[in-house]
Amino acid sequence: MSNQSIIKKIEELKKKRKAVILVHNYQTAEIQEVADFLGDSLDLSRRAAATDAAVIVFCGVSFMAETAAILAPEKLVLIPDPAAGCPMADMITAENLRDLKSEHPGAIVVAYVNSSAAVKAETDICCTSANAVDVVASLPRDREVIFVPDKFLGAYVMKKTGRALILCHGYCPVHRDILPEAVVEQRRLHPHALVMVHPECPPEVIDLADEALSTSGMVRVARESDREEFIVGTEVDMLVRLRRENSDKRFYPANPKALCVDMKKITLEKVLRSLEEEQFEIVVPEEIRRRARRAVDAMVDGQWTVGSKQ
Ligand code: 13P
Ligand code: SF4
14 MSNQSIIKKI EELKKKRKAV ILVHNYQTAE IQEVADFLGD SLDLSRRAAA
64 TDAAVIVFCG VSFMAETAAI LAPEKLVLIP DPAAGCPMAD MITAENLRDL
114 KSEHPGAIVV AYVNSSAAVK AETDICCTSA NAVDVVASLP RDREVIFVPD
164 KFLGAYVMKK TGRALILCHG YCPVHRDILP EAVVEQRRLH PHALVMVHPE
214 CPPEVIDLAD EALSTSGMVR VARESDREEF IVGTEVDMLV RLRRENSDKR
264 FYPANPKALC VDMKKITLEK VLRSLEEEQF EIVVPEEIRR RARRAVDAMV
314 DGQWTVGSKQ
């Protein structure tokens, strides 16, 4: 079947099932084409919480679909391929986090949304790359803060807030492979370009950049900036959207091989099968969901209440 026929079938089934298709900015061009909403982790969580659709088909990785299921327990949340995981999210378990908490009693726990539901259940507040700095900056200064699992995002937040954070050793393998030498070389080739990188990049790469931004932050800056050229330090399919929405501007990847294989496990055929057979349902055990929800709600509403020590 051609892509166009699959897309047509997806559109028909989507209406029949009252489904909404949420798509992350790293998905391929053809998956972006069937999106009802395309965004970063924070945007997509907010959409999942607000939608009145009966079914959410989540085209991204499993922690994102799990976050949707945490926020919308009355909806059927489907991921077209349950093997689409996130290696960074797997770098910390709930047990690891409980150990860290017992070493630092009284610490506030901030978990990057790239983490399992079980880790979120052990957390005070979740954050994404779009609001990590704001979340940490707002916390009372007389409390220790544990930040998991991304050591690179954690280092960036420490630099921006001037706060010491207790970190673990997680990182994104895709962003780790964006190297400072590559950014320097791209700058040499495109001296007028604005360099924007994701805060999951190593600190030496962020230091070389003009901006460190979430994926939707990049969309906004590309649209609003007067610059005509951009060097982009993140997953390569980010450039699909940037180029489509800014046909008069030029975008160069800092590392053209920065590809998230998990994101690419979602294909049009699998989205169609997902709608046809209502698969694969994301189920978060209720006890974990309830505890994780507080931390995710705080992130989505932008409101949290973690007080100073009494
Ligand atoms: P954003 O929230 O910026 O879209 O990032 C998610 C992610 O997984 C980056 O690797
Ligand atoms: Fe996880 Fe990195 Fe892929 Fe984002 S790009 S989903 S952090 S592995």
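If you're matching positions, the sequence shown starts at 14 in our numbering and goes up one per residue. We put the beta carbon where it would ideally sit given N, CA and C, even for glycine.
query                                                                                                                                            : result
Using the DSSP secondary-structure output, state which residues sit across from Pro298 in a beta bridge.                                         : DSSP lists no partner for Pro298.
Taking Val249 as part of the alpha helix (DSSP H), name the residues at either end of that continuous run.                                       : Taken as a continuous stretch (DSSP letters only), Val249 belongs to no alpha helix (DSSP H), as it is neither H nor E.
Measure the C-alpha to C-alpha separation of Val5 and Ser75 and round it to an integer number of angstroms.                                      : Lying before the first or after the last residue shown, residue 5 is absent from the chain, which here runs from 14 to 323.
I'd like the list of long-range same chain contacts for Pro95, defined as Cβ closer than 6 Å, with 5 residues on each side in sequence excluded. : Phe293
Are three or more beta carbon pairs between the segment 75–90 and the segment 44–63 nearer than 8 Å?                                             : yes
Provide the residue(s) that pair with Asp223 in DSSP beta bridges, ordered along the chain.                                                      : Paired residues: none, contrary to the question.
Tell whether a beta-carbon distance below 8 Å holds between Arg263 and Glu248.                                                                   : no
When you compare the CB positions of Leu51 and Arg254, do they come within less than 8 Å of one another, or not?                                 : yes
Pull up the DSSP beta-bridge partners for Val123, would you.                                                                                     : Ile138 and Phe160
If Cys214 and Phe165 are in contact, beta carbons under 8 Å, what's the gap, nearest whole angstrom?                                             : 6 Å
From Asn109, Met101, Gly315 and Ile34, pick the residue whose C-alpha is nearest to that of Tyr125; which is it?                                 : Met101
Since Val149 is in the alpha helix (DSSP H), which residue starts that stretch and which ends it?                                                : Ala145 to Ala150
Are Cys140 and Val122 closer than 8 Å when you measure CB to CB?                                                                                 : no
Spatial neighbours of Gln323 within its chain, please: C-beta separation below 6 Å, excluding the five flanking residues on both sides.          : In this prediction, Gln323 scores a pLDDT of 38, lower than 50, which makes its location untrustworthy; the coordinate-derived value is nonetheless stated afterwards. Cβ neighbours of Gln323 beyond the five flanking positions: none.
Could you tell me which whole alpha helix (DSSP H) segments of length 4 or greater appear in the segment 263–309?                                : 281–290
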